[in-house]
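**Student:**
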Amino acid sequence: MLSSYATFTKRKNFFAYVTGSPFECHILDSSKVKVKGDGIERVPVNRPAQFIIDTGGVDVGEVHSTVIGPNQLPLKCFIHGNYQSGYRIEYTPVDVGDHAVDVRIDGQPVASSPYLVKVYDASRVKVTDIGSGVVGKPVYFSIDASQAGAGNLEIIVSVGGRNVPNYVQSEGNARFRVNFKPTEAQTHTLSVKFNGEPVPGIPCYVKVTDSSQSVVTGSSLRMTSLQQGAHFTVDTRNFENGVCKVVVTGPATKHVPVTVKKTSSTTFDVGFKPQEVGPHQVLVTLDDTPLPGSPFLCNVYDVSKVKVSKLVPGIVGKPCTFQVDASHAGEGTLELVVTTRKSSVRAEVSMKSRGLYDVTFVPQDKISHYVNITFNEEDVPGSPFKIEVHSPTSGKGLIANGEGLKQGLVGSTNIFDIETNGLEGNVEVRVTGPNGSYIPASIHNVKQDTYRVEYQPNEIGTYKVEVLHQGSMISSKPFLVEVCDPSRVKVMDVEDGIIGREQTFKVDASRAGRGNLNLSITASNRDVKYSLQEVSSGVYQVTYVPHSDHPHKIDVYYNGHQAPGCPQIVEIRDPSHSIIAHGSGLKATQCGKTASFFIETGGFGEAKDFDIIVICMPYFLNLWLFIIF
Numbered sequence: 001m002l003s004s005y006a007t008f009t010k011r012k013n014f015f016a017y018v019t020g021s022p023f024e025c026h027i028l029d030s031s032k033v034k035v036k037g038d039g040i041e042r043v044p045v046n047r048p049a050q051f052i053i054d055t056g057g058v059d060v061g062e063v064h065s066t067v068i069g070p071n072q073l074p075l076k077c078f079i080h081g082n083y084q085s086g087y088r089i090e091y092t093p094v095d096v097g098d099h100a101v102d103v104r105i106d107g108q109p110v111a112s113s114p115y116l117v118k119v120y121d122a123s124r125v126k127v128t129d130i131g132s133g134v135v136g137k138p139v140y141f142s143i144d145a146s147q148a149g150a151g152n153l154e155i156i157v158s159v160g161g162r163n164v165p166n167y168v169q170s171e172g173n174a175r176f177r178v179n180f181k182p183t184e185a186q187t188h189t190l191s192v193k194f195n196g197e198p199v200p201g202i203p204c205y206v207k208v209t210d211s212s213q214s215v216v217t218g219s220s221l222r223m224t225s226l227q228q229g230a231h232f233t234v235d236t237r238n239f240e241n242g243v244c245k246v247v248v249t250g251p252a253t254k255h256v257p258v259t260v261k262k263t264s265s266t267t268f269d270v271g272f273k274p275q276e277v278g279p280h281q282v283l284v285t286l287d288d289t290p291l292p293g294s295p296f297l298c299n300v301y302d303v304s305k306v307k308v309s310k311l312v313p314g315i316v317g318k319p320c321t322f323q324v325d326a327s328h329a330g331e332g333t334l335e336l337v338v339t340t341r342k343s344s345v346r347a348e349v350s351m352k353s354r355g356l357y358d359v360t361f362v363p364q365d366k367i368s369h370y371v372n373i374t375f376n377e378e379d380v381p382g383s384p385f386k387i388e389v390h391s392p393t394s395g396k397g398l399i400a401n402g403e404g405l406k407q408g409l410v411g412s413t414n415i416f417d418i419e420t421n422g423l424e425g426n427v428e429v430r431v432t433g434p435n436g437s438y439i440p441a442s443i444h445n446v447k448q449d450t451y452r453v454e455y456q457p458n459e460i461g462t463y464k465v466e467v468l469h470q471g472s473m474i475s476s477k478p479f480l481v482e483v484c485d486p487s488r489v490k491v492m493d494v495e496d497g498i499i500g501r502e503q504t505f506k507v508d509a510s511r512a513g514r515g516n517l518n519l520s521i522t523a524s525n526r527d528v529k530y531s532l533q534e535v536s537s538g539v540y541q542v543t544y545v546p547h548s549d550h551p552h553k554i555d556v557y558y559n560g561h562q563a564p565g566c567p568q569i570v571e572i573r574d575p576s577h578s579i580i581a582h583g584s585g586l587k588a589t590q591c592g593k594t595a596s597f598f599i600e601t602g603g604f605g606e607a608k609d610f611d612i613i614v615i616c617m618p619y620f621l622n623l624w625l626f627i628i629f
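Residue numbers (UniProt numbering): 1 to 629.
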C-alpha cells in the first residue's frame with residue numbers, strides 16, 4: 001500500500017488557509033499492479049528481453065526498473081508507454097547467469113520484486129562423442145551444458161519417424177551421458193534442444209549397421225597346411241570403421257600370433273602361421289561382437305609328415321607292397337594312384353592302424369611304375385615315387401631287406417639280406433656315415449641266392465646304404481638308416497613315492513639320436529597308467545600316481561633296447577601306516593651342494609624325536625645315512 005502523510009499542530013484561535021489547499025492525495029494498492037512477461041522468467045543471452053507493467057489504467061506515479069547482472073553491474077533498461085496503456089520495459093542481457101530485476105513505483109518495490117531471471121545461452125551446449133552404431137549394441141554420446149546456464153534439455157532419438165527410447169545419466173555439473181540401443185540398421189536422428197532452442201550441430205545423424213551381415217571368406221579358414229598358414233578376408237558389408245579382432249587358439253590351448261590388416265573401411269585381411277598340427281579355433285569379432293559362424297574350426301595339417309617307406313623294386317607278376325604313414329600329418333584325405341606310361345595299375349590299400357596304410361599292387365609289365373600320393377590335394381614330398389619293375393630273369397631283380405636297412409645301434413652290428421633270385425653277377429654294398437665317410441661292410445653267402453651284409457655304425461646319425469648289382473643300384477635311391485645310441489638315454493629324478501601322490505621323473509634322449517621311446521610302469525605285475533610329455537627336444541617328463549604300496553618297476557626302452565639303469569624299483573609308502581622318508585637327498589647328491597629329503601610322521605612323532613646320522617664311507621665312495629626314531 002502506497003500512502004501520503006501530513007502532520008500539523010493545532011493552535012488556539014488561529015484560522016488561515018494554506019496555499020494550494022485543499023490537496024489531493026492518491027492512494028495506490030500495489031497488489032493491483034501486475035508485472036508480467038518473459039523478461040522476468042527465463043531469457044536467452046544477447047537478445048532483447050521485455051516485460052509489461054500493468055497499472056490498470058491508474059496513474060501510479062513514477063515507474064522505475066533496474067536490472068543487475070551476475071557480475072553485479074547494472075544493465076540499461078528502456079521504459080516505454082504510459083499508465084493508460086501500460087509500461088513495457090526492455091533490456092538485453094550479455095552474460096549467462098542469474099539477473100535481478102527490480103521494479104519500483106514512486107520508489108517503492110512492487111509485490112515480488114526483485115525478480116530472479118535465469119539467462120541462458122543454448123549455443124554453449126556441446127554434443128560430442130557421436131559415432132556410428134551397431135544393431136543390438138548401445139550407442140553413447142555426451143552432452144555438456146555446464147556453460148549454458150539454467151534450463152531444460154530435450155533429447156529425442158528417432159528413426160523412420162519413430163522415437164527410440166534413450167537413457168540419460170548425469171555425470172555432475174550439467175554434464176550428461178546418453179545412450180540408446182538401435183534395433184534396425186538405419187540412420188538414426190539425434191535432436192537436442194535447450195530451453196526449446198536447438199543446440200549447435202543439431203540435428204545430427206548416427207549410421208547404424210548390422211554386423212550379423214558380415215562375412216568371412218577364404219578356403220584356408222577351414223583347412224590349411226602347416227607350411228602355408230591361413231589367410232582369409234573379413235567383409236563387414238557396410239559396417240564401416242569397425243574394430244576387427246581375431247584370436248587363434250591351437251590344440252594345446254596356446255594362442256597363435258595373428259596379423260589383421262585393414263584394406264578398406266569395410267574389409268580386413270587376416271593371416272596366421274600355425275606352429276603345430278591339429279584343430280585350431282579362430283574367433284573373429286567386430287567391435288567385440290562375434291561374427292556369424294565364429295568361432296571357426298581350422299584343421300591344420302602337415303603334408304611333410306606323410307612318410308612313404310618300404311619302396312623296393314618289384315618283380316613282374318609278384319605283389320609289391322609299400323607303406324604310407326600319415327598318422328602324424330593331421331586330419332585330411334589321402335589319395336594314391338599307381339601308374340605306368342601306359343595306364344593306371346590297380347592298388348589295394350589296407351589300414352594297419354589310424355593313419356598307417358599298406359599299399360599293394362601287382363605289376364604286369366617290366367617298366368617303371370610311379371606312385372602319386374597327395375594329402376589334402378597337396379603332393380607328398382618325393383611324389384611321384386618311382387618303383388623299378390623287372391622280370392625274374394633280370395639282373396635288376398635283386399631285393400634287399402632287413403632291419404639293417406631301417407635302423408641300427410652305435411657299436412652294434414647291423415645286418416640285412418640280399419636275395420638274388422637266381423641271378424649271377426657282382427653284388428656290392430656301400431655304406432656312408434653321417435659325416436660322409438665310408439663304413440666297412442662285409443658280404444657273405446648264407447644260403448643259395450641269399451647274401452648277408454654286416455656293418456657296424458660308430459656314431460649317431462643317418463647312414464646311407466647303396467646296394468649295387470653289376471655296378472648299378474638295385475633301387476632308385478639309397479636306403480636311409482637311422483642309428484641311435486640307447487646307452488645315452490638317461491632316466492632322471494626317480495624317487496620313492498607315496499600312495500595317491502603324483503610322481504614325476506624325466507627321460508633324456510636328446511643325445512641318443514632318432515628313435516622311439518617306450519616305457520612301462522608295473523606294480524604286482526599290473527600296469528600303472530602314466531602320461532608322457534615332451535618338455536623339450538628329446539626330453540620327456542613321465543607322470544604317474546601310485547595306488548598301492550607295492551614296489552613299482554620302471555622300465556625304459558629306446559628303439560626296443562633297455563635304457564641304462566633299468567629297470568628301476570620305486571618303493572611306495574602308505575603315509576597312514578608308517579613314518580616315511582623320501583626325497584632326492586636319500587638317493588644321490590652332488591659334492592658341495594645341499595642335499596635334502598623329507599620325513600613324514602603321519603602324526604606319530606615330532607622333530608625332536610629323530611636323530612639323523614650321516615657317515616662317509618670313502619672306500620665305497622658312499623654316504624651312509626641313519627634315521628633313528
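C-beta: ideal position from N, C-alpha, C; glycine also. Being a predicted model, the structure only gives us computed values, none of them experimental.
Within 10 Å of its beta-carbon, does residue 453 have 16 or more other beta-carbons around it, so buried, or fewer, so exposed?
**Tutor:** It counts as buried.
**Student:** On the criterion of 16 or more Cβ atoms from any shown chain inside 10 Å, does residue 563 qualify as buried, or is it exposed?
**Tutor:** Label assigned to residue 563: buried.
**Student:** Measuring alpha carbon to alpha carbon, tell me which of 307, 566, 493 and 173 ends up nearest residue 630.
**Tutor:** Because the chain in this structure spans residues 1 to 629, residue 630 falls outside the shown range and cannot be described.
**Student:** Tell me which same chain residues have a C-beta within less than 8 Å of the C-beta of residue 427, skipping the five on either side of it?
**Tutor:** Closer than 8 Å at Cβ, skipping near neighbours: 398, 418, 420, 443, 451, 467, 468 and 469.
**Student:** For residue 222, count neighbouring C-beta atoms within 10 Å of its own C-beta (all shown protein chains included) and say buried if the count is 16 or more, exposed if not.
**Tutor:** Residue 222 should be labelled exposed.
**Student:** Could you tell me whether any Cβ in chain B is nearer than 8 Å to the Cβ of residue 95?
**Tutor:** Any reference to chain B falls outside this structure, which holds one protein chain only.
**Student:** Determine the direct distance from the alpha carbon of residue 298 to that of residue 227, and round the result to whole angstroms.
**Tutor:** Near 14 Å, if we compare the C-alpha coordinates of residue 298 and residue 227.
**Student:** What whole-angstrom Cβ distance do residue 33 and residue 55 have, given they're in contact under 8 Å?
**Tutor:** The Cβ separation is near 6 Å, so the contact holds.
**Student:** Whole beta strand (DSSP E) runs in the stretch 219-252 with 3 or more residues, listed along the chain?
**Tutor:** Taking only runs of at least 3 residues, the beta strand (DSSP E) segments lying wholly in the stretch 219-252 are 223-225, 230-235 and 244-249.
**Student:** Could you give the DSSP three-state label for residue 341: helix, strand or coil?
**Tutor:** Three-state DSSP puts residue 341 in coil, outside helix and strand.
**Student:** What's the gap between the Cα of residue 161 and the Cα of residue 282?
**Tutor:** About 41 Å.
**Student:** Less than 6 Å between C-beta atoms, sequence neighbours within five positions excluded: which residues of the same chain meet that for residue 242?
**Tutor:** Counting only Cβ-Cβ distances below 6 Å, and skipping sequence neighbours, we find 236, 286 and 287.
**Student:** Can you give me the Cβ contacts of residue 150 inside the same chain, cut-off strictly under 7 Å, excluding the 5 residues immediately before and after it?
**Tutor:** Taken in chain order, the residues that qualify are 118 and 120.
**Student:** Using the Cβ count rule (16 or more neighbours within 10 Å means buried), how would you classify residue 496?
**Tutor:** So residue 496 ends up on the buried side.
**Student:** Whose C-alpha, out of 506, 178 and 590, is nearest the C-alpha of residue 531?
**Tutor:** Per the Cα distances, 506.
**Student:** Can you list, in chain order, the residues of its chain with a C-beta nearer than 7 Å to that of residue 393? Leave out the 5 residues immediately preceding and following it.
**Tutor:** Here residue 393 scores only 49 on pLDDT, less than 50, and its place in the model is too uncertain to base an answer on.
**Student:** With DSSP as the reference, please indicate the residues paired to residue 442 in a beta bridge.
**Tutor:** DSSP output for residue 442 lists 454 as bridge partner(s).
**Student:** Residues in the same chain with beta-carbon distance under 8 Å from residue 197, minus the five sequence neighbours each way, listed in chain order, please.
**Tutor:** Closer than 8 Å at Cβ, skipping near neighbours: 44 and 122.
**Student:** For residue 8, does the count of other Cβ atoms within 10 angstroms reach 16, so buried, or fall short, so exposed?
**Tutor:** Any reading at residue 8 must be qualified, since the residue scores a pLDDT of 42, below 50, and its modelled position is unreliable; the value itself is stated next. So residue 8 counts as exposed.
**Student:** Count the other CB atoms within 10 Å of the CB of residue 19; is the residue buried (16 or more) or exposed (fewer)?
**Tutor:** Answer is exposed; the Cβ neighbour count stays below 16.
**Student:** Kindly indicate the opening and closing residues of the beta strand (DSSP E) around residue 311.
**Tutor:** First-last for residue 311: undefined, no H or E at that position.
**Student:** Have a look at the DSSP bridge pairing and note the partners of residue 569.
**Tutor:** DSSP output for residue 569 lists 553 as bridge partner(s).
**Student:** Counting only runs of 4+ residues fully inside the stretch 71-135, write out the alpha helix (DSSP H) ranges in chain order.
**Tutor:** Listed in chain order, nothing qualifies, since the stretch 71-135 has no complete alpha helix (DSSP H) run of 4 or more residues.
**Student:** Quick one: Cα of residue 590 to Cα of residue 456, how far?
**Tutor:** About 37 Å.
**Student:** Quick check on residue 311: buried or exposed, where buried means 16 or more other Cβ atoms within 10 Å of its Cβ?
**Tutor:** Burial call: buried.
**Student:** Given a cut-off of 8 Å on the beta-carbon distance, is the pair residue 387 and residue 336 in contact?
**Tutor:** Not in contact: residue 387 and residue 336 (Cβ atoms no closer than 8 Å).
**Student:** Check this for me: beta carbons of residue 556 and residue 508, under 8 Å apart or not?
**Tutor:** Cβ distance not < 8 Å, so residue 556 and residue 508 don't count as in contact.
**Student:** So which of 225, 545, 146 and 101 has the shortest CA-CA distance to residue 70?
**Tutor:** Ranking the options by Cα distance to residue 70, first place goes to 101.
**Student:** What is the DSSP secondary structure of residue 423, counted as helix, strand or coil?
**Tutor:** If DSSP states are grouped into helix, strand and coil, residue 423 belongs with coil.
**Student:** In the structure shown, what three-state DSSP assignment does residue 271 receive?
**Tutor:** Strand at residue 271.
**Student:** In three-state terms, what does DSSP make of residue 474?
**Tutor:** Of the three classes helix, strand and coil, the one that applies to residue 474 here is coil, per DSSP.
**Student:** Are the beta-carbon atoms belonging to residue 291 and residue 389 less than 8 Å from one another?
**Tutor:** Their beta carbons are not under 8 Å apart, which means residue 291 does not touch residue 389 by this criterion.
**Student:** For residue 52, which of 560, 83 and 116 has the nearest alpha-carbon?
**Tutor:** For the residues 560, 83 and 116, the minimum Cα distance to residue 52 belongs to 83.
**Student:** How would you write the range of the beta strand (DSSP E) that residue 635 sits in, first residue to last?
**Tutor:** With the chain covering only 1 through 629, there is no way to say anything about residue 635.
**Student:** Would you tell me roughly how many angstroms separate the C-alpha atoms of residue 536 and residue 167, rounded to the nearest one?
**Tutor:** Straight-line Cα distance between these residues: approximately 57 Å.
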